[in-house]
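Each position in the sequence shown, counted from 1, maps to that position plus 20 in my numbering.
By construction, the Cβ of each residue, glycine as well, lies at the ideal position given by its N, Cα and C atoms.
None of the values given here were measured: they were computed from a predicted structure.
What follows is a set of notes on a single structure, which appears directly below.
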Amino acid sequence: MLAYILRRLLLMVPTLLGIMVINFLIIQAAPGGPVELMIARLEGMAVAATARVGGGAGGETGAGSERGQGASAYRGTRGVNPELIRQLEQQFGFDKPAPDRFVHMMKSYLALDFGKSFYRDRTVIGLLLEKLPVSISLGLWTTLLVYLVSIPLGIAKAVRDGSPFDVWSSAVVIVGYAVPGFLFAILLIVLFAGGSFLDWFPLRGLVSPGWRALSWPGRVLDYLWHITLPVLALVIGGFAGLTMLTKNSFLEEVNKHYVVTARAKGLTRRRVLYGHVFRNAMLIVVAGFPGAFVGILFTGSLLIEVIFSLDGLGLLGFEAAINRDYPVMFGTLYIYTLVGLVLNLITDLTYVAIDPRIDFATREG
């Protein structure tokens with residue numbers, strides 16, 4: 021097993037490098053870049069991309085893109101001092117060829133130096149640490165509640181397959197499949213957050229402005245008060261898939277010969293279900309945990325963060341993409357990818373913990 025873990029850790033290096041290269045090439049080919057964005061702002065043509073940071077530079081082509089006619093490398097620079105353009109290129113690091121920029125970026129990342137944001141005058145790590153509490157709150161609570169709801173519900177549906185309970189619960193699951201989480205969020209706001217009916221929950225932030233002045237019980241209650249609706253919207257929008265996955269996994273195991281043999285030996289239904297079926301059926305459910313957690317933590321909560329005015333990692337990544345904030349974009353991509361690869365390895369180790377019969381060390385390649 022130690023050799024397998026070492027092999028997986030070594031494979032993370034080319035995987036991470038390949039992902040970074042592909043995304044770097046895509047960014048180079050895509051229209052738009054921080055230099056022309058800044059030029060557009062100086063000329064008063066930039067369009068606000070978010071509530072806090074201006075963005076969108078309509079006609080920019082970015083560093084490394086094709087040269088336009090005339091002395092400038094950028095479109096929309098008529099009347100702009102060429103010396104100013106050179107200063108902007110040097111400021112943003114676009115005075116060097118793209119391969120040199122990529123090599124320098126990766127060397128910095130190996131030293132855990134992710135640079136500074138182009139527009140916020142903050143380090144990338146500082147921004148991530150600032151936004152992380154919001155996303156961790158949403159990710160952990162949502163993942164925990166989704167699993168606590170979906171696994172018992174999926175098992176109950178499998179045990180009562182074809183019963184009225186299975187039919188009615190399937191209707192709830194279908195609604196969860198069909199309606200995205202952000203629509204549930206809007207419905208919850210209308211019903212419980214000062215919309216057309218009740219005004220029980222707040223609409224902005226993770227805590228109240230005077231949170232630090234509260235006692236510890238008051239802080240906990242205030243935090244839970246703010247997080248209830250966002251987490252509920254994410255849970256409602258995310259439990260359906262895991263519920264059906266759990267049900268189908270249990271149904272597949274229940275129909276296998278070892279279950280029939282166990283029943284023939286006189287074991288109780290509960291003993292068969294939780295002593296034999298559960299361990300095997302949960303393997304595929306465990307496999308989906310890293311993807312579910314990473315998706316909710318880093319990307320899945322973007323619209324929820326916008327709707328409930330929660331300043332987390334999803335909103336940070338969206339703003340970075342809109343505003344061509346390359347240090348934030350590539351720094352977060354590097355960290356997210358690394359976390360995802362590590363979680364995939366943890367998933368394999370969890371397989372072994374659940375079922376010791378699995379031995380990844382004997383696999384070839």
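Cβ distance (whole Å) where residue i is taken to contact residue j below 8 Å
| i | j | result |
| --- | --- | --- |
| E325 | G334 | 5 Å |
| V387 | G351 | This structure gives no information on residue 387, because the portion of the chain shown stretches from 21 to 385. |
| V154 | F259 | Wrong, their Cβ atoms sit about 21 Å apart, outside the cutoff. |
| P222 | G257 | The pair is not a contact, with the Cβ atoms about 21 Å apart (cut-off 8 Å). |
| V280 | E273 | Contact flag wrong, Cβ pair sits at about 11 Å. |
| D368 | K151 | The pair is not a contact, with the Cβ atoms about 30 Å apart (cut-off 8 Å). |
| T365 | I39 | Per the sequence shown, the amino acid found at residue 365 is Leu instead of Thr. That pair is no contact at about 16 Å. |
First through last residue of the alpha helix (DSSP H) which encompasses residue i
| i | result |
| --- | --- |
| K136 | It is not in any alpha helix (DSSP H) - K136 carries neither H nor E in the DSSP assignment. |
| N343 | No alpha helix (DSSP H) contains N343, which DSSP labels as neither H nor E. |
| V123 | A118 to L130 |
| F44 | L22 to A49 |
| A205 | G201 to F212 |
| V326 | L322 to I327 |
Residue i in three-state terms, based on DSSP
| i | result |
| --- | --- |
| D368 | helix |
| D181 | coil |
| D141 | coil |
| D219 | strand |
| A373 | helix |
| S170 | helix |
| L330 | coil |
| R232 | helix |
| D242 | helix |
| F114 | coil |
| V193 | helix |
| V227 | coil |
| G159 | helix |
| G53 | coil |
| G76 | Low confidence applies to G76: its pLDDT is 38, below 50, so where it sits in the model is not reliable enough to give any reading. |
Check whether residue i and residue j have beta carbons under 8 Å apart
| i | j | result |
| --- | --- | --- |
| F217 | L208 | no |
| Y371 | L265 | no |
| F399 | A233 | Since the first residue shown for the chain is 21 and the last is 385, residue 399 is missing from the structure and cannot be characterised. |
| L226 | I247 | yes |
| F202 | I327 | yes |
| G231 | D219 | Before going on, a small fix: residue 231 reads as Trp here, not Gly. Going by C-beta atoms, W231 is not nearer than 8 Å to D219. |
| G390 | R344 | It is not possible to answer for residue 390, since the shown part of the chain is limited to 21 through 385. |
| V348 | L147 | yes |
| L130 | S321 | no |
| A178 | K267 | yes |
Any non-hydrogen atom of the ligand MG within 7 Å of residue i CB
| i | result |
| --- | --- |
| G174 | Of ligands this structure carries none, so the ligand MG is not represented either. |
Ordered list of alpha helix (DSSP H) runs contained in the region 250-299, each at least 4 residues: For the region 250-299, whole alpha helix (DSSP H) runs of length 4 or above, ordered along the chain, are 277-284 and 289-292.
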